[in-house]
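Read in order, the letters of the sequence shown correspond to residues 21 to 237 in the working numbering. All residues carry an ideal CB built from backbone N, CA and C; glycine is no exception. Values in this document were obtained by computation on a predicted structure and should not be read as measured data. Everything below concerns the one structure shown next.
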Amino acid sequence: MKDELIKKIQNKSVKDYTYAIMFLLVASFFAFWVIRPVLSIAISIRRQGEDLHRINATYEKNITRVLELQSQIEDIRAKRYLLDETVPEGVNLSGFIQDIQRAGHDSGVKVTSVMIDPISLKVDPSMKSKVRKVVAKKDTDNQALSKVQTVGARIKVEATYEGFQAFLLALLNQRRIKQITGLKMTVENKTSRTEPKVIDLTIQAIIETYYLTAQKL
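This is how it looks when you write it as structure tokens:
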């Protein structure tokens, strides 16, 4: 029995099957323990490369955006003087009066009187939030906080309807923020034989403007 089994194993066809089975076993072992880990590592490296490429693209996009913002900040910083003129530091009464006179000159309206109201230290709550959108925060050496204040002027002008409308337009188009808080009109009719009827107005108006004062923290 044993001799017959040895003879069968030594048979050429049986040897061929044995070699084939051994080869498959070795190939399977090699594929599972060598090729599979290598393929897994290759796939992982490729996936990491794709992730890094996406991250790099995101970083480049963000860096480009930061550079654009820095450029915009530099442009805004170059126009800082516009903010200072919109709501100046200090009351600057002479500039306020000059604005009124300039508006009258540009519109052809006669400004007969300008009276400045007593300066109030009270903050106008209705305009504080609006002005904050325009005025940038300023850091000073003594750590002062900018505080919005108001100052008013009572003016008297002589004009027609159209002239006063042009006066208001010229006044409100100036850089410094202003608002009309009071208005009183007196109508005066003038007739002439050579000229058509003209309606003249004597107008009393209250104009308010805003400025910043430094309040120490």
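- Message: Just to check my reading of the structure: residue 178 and residue 132 have Cβ atoms closer than 8 Å, yes? What is that Cβ distance to the nearest angstrom?
- Response: In the sequence shown, residue 178 corresponds to position 158, counting from 1. In the sequence shown, residue 132 corresponds to position 112, counting from 1. Residue 132 and residue 178 do touch by the CB rule: their CB atoms are close to 6 Å apart, below 8 Å.
- residue 181: which of 202, 65, 127 and 134 sits nearest, CA to CA? As a first step, residue 181 must be located in the sequence shown, where it is residue number 161. Nearest C-alpha to residue 181: 127.
- Using DSSP with H/G/I as helix, E/B as strand and the rest coil, what is residue 194? As a position in the sequence shown, residue 194 is number 174, starting the count at 1. Residue 194 falls in the coil class under three-state DSSP.
- Ends of the beta strand (DSSP E) at residue 132? If you number the sequence shown from 1, residue 132 lands on position 112. Counting along the chain, the unbroken beta strand (DSSP E) around residue 132 starts and ends at 130-136.
- Where residue 180 sits in the DSSP three-state scheme: Within the sequence shown, residue 180 is the residue found at index 160, counting from 1. Correct three-state label for residue 180: coil.
- Query: If residue 231 and residue 134 are in contact, beta carbons under 8 Å, what's the gap, nearest whole angstrom?
  - Reply: Within the sequence shown, the letter at position 211 stands for residue 231. Within the sequence shown, the letter at position 114 stands for residue 134. No, residue 231 and residue 134 are not in contact; Cβ-Cβ is about 17 Å, not under 8 Å.
- Query: DSSP state of residue 227, grouped into three classes?
  - Reply: If you number the sequence shown from 1, residue 227 lands on position 207. Correct three-state label for residue 227: strand.
- Task: Buried or exposed for residue 99, please, with buried defined as at least 16 other CB atoms from any protein chain shown within 10 angstroms of its CB.
- Result: The residue given as residue 99 occupies position 79 in the sequence shown. Residue 99 comes out exposed.
- Taking only the alpha-carbon atoms, compute the straight-line gap between residue 66 and residue 81 and give it to the nearest angstrom. The sequence position of residue 66 within the sequence shown is 46, counting from 1. The sequence position of residue 81 within the sequence shown is 61, counting from 1. When only Cα atoms are considered, residue 66 and residue 81 end up about 23 Å apart.
- Query: What does a CB cutoff of less than 6 Å around residue 201 pick up in its chain, not counting 5 residues either side in sequence?
  - Reply: Position 181 of the sequence shown, counted from the first residue, corresponds to residue 201. 226 and 228.
- Task: Determine the burial state of residue 108: buried for a count of at least 16 other Cβ atoms within 10 Å of its Cβ, exposed for fewer.
- Result: Position 88 of the sequence shown holds residue 108. The Cβ neighbour count for residue 108, taken over all protein chains shown within 10 Å, is at least 16; the residue is labelled buried.
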